[in-house]
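Notes follow the structure.
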């Protein structure tokens, strides 16, 4: 593939988690100051990007999460593919594998792994990551702020087999640690560290008015 060839990048949104830390509330259904569910804001920002497809991996309370997304979708943007991770209760890696399998089946050149509980990640950052991968085709593109790595992470298709071998309740952190020159790091804002996975953070989210 030549350096300036267009790349087919699929966004894989991990939205299957059990929300244990916010139980009995489901964090993805929490609403901001405008009444919009968290998951809907995350998806709207991804819809506005240059991704080819959006693959949303559902699991826990899948019907409710589905219903929280539908009314807020941008009808002028690609409609997301919603899929179910049958073994989502086994941990994050199960959802990741389901999403990567879907991207691989769709012949994606790269998969942009997004966490559903990080609705403040800006569309512009997603586009920067996609453009950086298209320019030089690293094995992965990560984002940094304050010397710490955050989310999302973009993976080249060369890494799909490695991602499919990950097991347990963890993502691809160990795989990133083992990578050398194939890893491209971009500087980003504090949003890459800001998730909403505790009761206190959900209360803060309820005061925000994120713009999609």
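Numbering (this note's numbering), first residue to last: 2 to 213.
Where is the CB? At the ideal position from N, CA and C, for every residue including glycine.
Requested in this report: Give the DSSP-derived three-state secondary structure of residue 65 in the structure shown.
Outcome: If you number the chain shown from 1, residue 65 lands on position 64. In the structure shown, the three-state DSSP call for residue 65 is helix.
Query raised in the report: How is residue 101 classed by DSSP in three states: helix, strand or coil?
Result: Locating residue 101 in the chain shown gives position 100, where the first residue counts as 1. Helix.
Query raised in the report: Taking the continuous alpha helix (DSSP H) assigned at residue 134, which residues delimit it?
Result: Along the chain shown, read from residue 1 onward, the residue named residue 134 stands at position 133. Counting along the chain, the alpha helix (DSSP H) containing residue 134 begins and ends at 124-137.
Requested in this report: Would you decide whether residue 5 is buried or exposed? Buried here means 16 or more other CB atoms lie within 10 Å of its CB.
Outcome: Here residue 5 corresponds to residue number 4 of the chain shown, with the count starting at 1. The predicted model places residue 5 with a pLDDT of 47, which falls under 50 and marks its position as unreliable; any figure quoted below should be read in that light. It counts as exposed.
Requested in this report: Would you kindly report the start and end of the unbroken alpha helix (DSSP H) that includes residue 178?
Outcome: Residue numbering aside, residue 178 sits at position 177 when the chain shown is read from its first letter. Element bounds for residue 178: 174-179.
Query - Secondary structure of residue 117, DSSP reduced to three states - result: Translated into the one-based positions of the chain shown, residue 117 becomes position 116. The answer is coil: DSSP assigns residue 117 none of H, G, I, E or B.
Query raised in the report: Any chance the segment 5-21 sits against the segment 55-62, with 3 or more Cβ pairs inside 8 Å?
Result: yes
Query raised in the report: Among all the DSSP beta bridges, which residues are the ones paired with residue 149?
Result: For the purposes of this step, residue 149 is taken as the residue at position 148 of the chain shown. Residue 149 pairs with 146.
Requested in this report: Starting from the Cα of residue 143, find the closest Cα among 118, 180, 169 and 100 and give me that residue.
Outcome: The sequence position of residue 143 within the chain shown is 142, counting from 1. Answer by Cα proximity: 180.
**Report entry** Residue range of the beta strand (DSSP E) that includes residue 12
**Finding:** For this step, residue 12 is matched to residue 11 along the chain shown. Taken as a continuous stretch (DSSP letters only), the beta strand (DSSP E) holding residue 12 covers 10-16.
Report task. In the DSSP assignment, find the unbroken beta strand (DSSP E) run with residue 84 in it and report its ends. Result -> Start at 1 with the first residue of the chain shown, and residue 84 comes out as number 83. Taken as a continuous stretch (DSSP letters only), the beta strand (DSSP E) holding residue 84 covers 82-85.
Query raised in the report: Between residue 22 and the rest of its own chain, which residues show a CB-CB distance below 7 Å, the 5 nearest in sequence each way excluded?
Result: Translated into the one-based positions of the chain shown, residue 22 becomes position 21. 198 and 199.
Report task. Would you kindly check if the distance between the Cβ of residue 66 and the Cβ of residue 29 is under 8 Å? Result -> To locate residue 29, count along the chain shown from 1; it is residue 28. To locate residue 66, count along the chain shown from 1; it is residue 65. In contact: residue 29 and residue 66 (Cβ atoms closer than 8 Å).
Query raised in the report: Which residues in the same chain have their Cβ closer than 6 Å to the Cβ of residue 155, if we skip the five residues on either side of it in sequence?
Result: Along the chain shown, one-based indexing puts residue 155 at 154. Closer than 6 Å at Cβ, skipping near neighbours: 111, 113, 130, 134 and 142.
Requested in this report: Excluding the 5 residues preceding and the 5 following residue 81 in the sequence, name in chain order all residues of the same chain whose CB lies nearer than 6 Å to its CB.
Outcome: Position 80 of the chain shown, counting from 1, holds the residue named residue 81. Closer than 6 Å at the Cβ level, and outside the excluded window around residue 81, lie 55 and 57.
Requested in this report: Would you kindly work out how many angstroms separate the C-alpha atoms of residue 83 and residue 40, rounded to a whole number?
Outcome: Looking up residue 83 in the chain shown gives position 82. Looking up residue 40 in the chain shown gives position 39. Between residue 83 and residue 40, the C-alpha separation is close to 13 Å.
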